[in-house]
Amino acid sequence: MSEHSLRVLLSENQIRARVREIAARIDADYPDGVLCLIGVLKGSCIFLSDLVRAIRRPVRFDFIGASSYGAGKASSGSVQITKNVEMPLEGCDVLLVEDIVDTGITLTHLLRRIERHRPKSVRVAALLDKPERHQRPVDIAYLGFSIPDRFVVGYGLDYAEDYRGLRDICLLD
Ligand code: PRP
41 MSEHSLRVLL
51 SENQIRARVR
61 EIAARIDADY
71 PDGVLCLIGV
81 LKGSCIFLSD
91 LVRAIRRPVR
101 FDFIGASSYG
111 AGKASSGSVQ
121 ITKNVEMPLE
131 GCDVLLVEDI
141 VDTGITLTHL
151 LRRIERHRPK
161 SVRVAALLDK
171 PERHQRPVDI
181 AYLGFSIPDR
191 FVVGYGLDYA
201 EDYRGLRDIC
211 LLD
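For the sequence shown, our numbering assigns the number 41 to the initial residue and increments by one for each residue that follows.
Here it is in structure tokens:
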């Protein structure tokens, strides 16, 4: 494990409270129909697992694999699909679940891909957003926190695959 200095930006308790609020809004917004959450691997897996347990209505979930960062700290700008959605999405309400939106390139690419499945609706749930970094217009229906343009790890987010298991979200210096 590489040695970096970590400072808590969002604590486990803050994250838990915000996930509950988002889940309550999702419950209210989708009273009926099949709701499919699609987690974007790998970073969103912890947010998705907490979110599906906080949502009270029935949900289905699957994952899509996308990577644009490799082992570096900056987006490469090109999105590699590492796993496709296997679940049928036609006629379903779909929520694309991201850990973080940075340039918006991944999200834009994945939304186009999901639209091909002819879902009834598609919205985005993202735990974190860095609005200063957007290079594409992004519409996040359910946002956890807007954060400044700093490198963050924990709660699924990595630096070169380390730190994903931290319970807090931390600044990496
Ligand atoms: C991160 C994050 C988003 C994407 C956001 O994934 O999970 O999918 O980058 O960046 P963008 O808005 O600039 O496109 P990453 O490529 O680091 O893969 P990982 O989730 O497996 O760590």
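Using N, Cα and C, we set each Cβ at its ideal position, and we do this for glycine too.
Have a look at residue i and residue j and give me their C-alpha separation to the nearest angstrom.
i, j, result
"residue 206", "residue 194", "4 Å"
"residue 130", "residue 46", "43 Å"
"residue 60", "residue 187", "19 Å"
"residue 168", "residue 134", "19 Å"
"residue 119", "residue 81", "12 Å"
"residue 49", "residue 212", "10 Å"
Could you round the C-beta distance between residue i and residue j to whole angstroms and report it? I think they count as a contact, below 8 Å.
i, j, result
"residue 137", "residue 77", "5 Å"
"residue 104", "residue 67", "Wrong, their Cβ atoms sit about 24 Å apart, outside the cutoff."
"residue 125", "residue 147", "Between residue 147 and residue 125 the Cβ distance is about 15 Å, and since that is not below 8 Å, they are no contact."
"residue 144", "residue 58", "Residue 144 to residue 58, Cβ: 21 Å. No contact."
"residue 182", "residue 65", "6 Å"
So which of the options has the shortest CA-CA distance to residue i?
i, options, result
"residue 63", "161, 93, 72 and 73", "93"
"residue 159", "140, 119, 132 and 210", "132"
"residue 71", "99, 168, 180 and 141", "99"
"residue 162", "44, 43, 85 and 79", "79"
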